[in-house]
Amino acid sequence: MTHVVEGQALTQDYVISAGMFGKPKLLRAVKGANFAVEQGKTLAIVGESGSGKSTLARIIALIDPATGGTLKIDGQPVAIGKGRVPRALRSKVQMVFQNPYGSLNPRQKVGDVLMEPLLLNTDMPASERHDRAEAMLKRVGLGPEHFNRYPHMFSGGQRQRIAIARAIMLNPKLLVLARSEKSPARQANRSGVARRRVESRISRTVFRSITRLRSCGRRGRAAPAACGPCRRAPR
Ligand SMILES: Nc1ncnc2c1ncn2[C@@H]1O[C@H](COP(=O)(O)OP(=O)(O)OP(=O)(O)O)[C@@H](O)[C@H]1O
Ligand SMILES: [Mg+2]
């Protein structure tokens, strides 16, 4: 069976500068992560702060190249650390940041937010882009009356749904859900409810980066974060 995402021995090293006279140090943020996720399944990565969850999420979302190991998206190998990722492969993976305040452009109307991925990645005519964006608003529990509103005119949960809607406009094979470093725990929990509500309406492979097991959905698996700098077992 072809897995939607498969990682083998994924490693991420950062070079930490030690000032003008010190010797630079190597920090291994992710050490030999192995995982494989089937279509329609959720994998939650659980671990303490600093154990490498966000780093791994960024590798899988094709934002940062890993320094070692192999990554396959939908059976297709990603050339780690070499050149640009092809557009067709990139559109198969989308990342949703949990902090919708930071991830939505405050000057962009929601309809434009949703149409943008289609504009950049397809040759779809404007009328079809508009129809698709309206249909997506409906799919995430919003309506056509929201099309011309700006992000600040929505509640936190609605903004979260808009961020998810944007991420699934291109019908990606894999969604990477990352917990925000900055949002307070209460906001994270509230957004988590909104995300789970939307996730339950879509059937998609999901990769979650969370710190606590209880934040994870009922279905799916949880895996400890891959032995980063913090080696303690997840609580
Ligand atoms: N760009 C970077 N340069 C140097 N070190 C980094 C960089 N990004 C992350 N790190 C380090 O890598 C380690 C893993 O960081 P990461 O953000 O992946 O942890 P995390 O598991 O997501 O933690 P949290 O639960 O607090 O969000 C940390 O020690 C961090 O300081
Ligand atoms: Mg993190």
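Its first residue numbered 380, the sequence shown is counted upward by one per residue in the working numbering. For each residue, glycine too, the CB sits at the ideal point set by N, CA and C. As the structure is a computational prediction, the values presented were derived from the model and not from experiment.
Rounded distance between the beta-carbons of residue j and residue i, thought under 8 Å
i	j	result
Leu553	Val383	5 Å
Leu441	Arg466	The Cβ separation is near 11 Å, so there is no contact.
Thr390	Gly454	Not confirmed; about 22 Å, so no contact.
Any non-hydrogen atom of ligand 1 closer than 7 Å to residue i Cβ
i	result
Ile395	yes
Thr434	yes
Ala408	yes
Gly426	yes
Ser628	With the chain running from 380 to 614 in the structure shown, residue 628 is simply not present.
Gly401	no
Gly411	no
Ser430	yes
Alpha-carbon to alpha-carbon, residue j and residue i
i	j	result
Leu498	Lys432	31 Å
Ala412	Asn527	43 Å
Gln537	Leu521	8 Å
Pro485	Met532	10 Å
Met494	Ala542	12 Å
Val379	Val555	Residue 379 lies beyond the stretch modelled for the chain, which goes from 380 to 614, so this question has no answer here.
Ile395	Arg407	10 Å
Asp392	Ala557	20 Å
Phe476	Leu483	10 Å
Val519	Tyr529	17 Å
Residue environment, residue i, which counts as buried when at least 16 other CB atoms sit within 10 Å
i	result
Ala436	buried
Gln387	exposed
Ala546	buried
Phe400	exposed
Arg463	exposed
Ala445	buried
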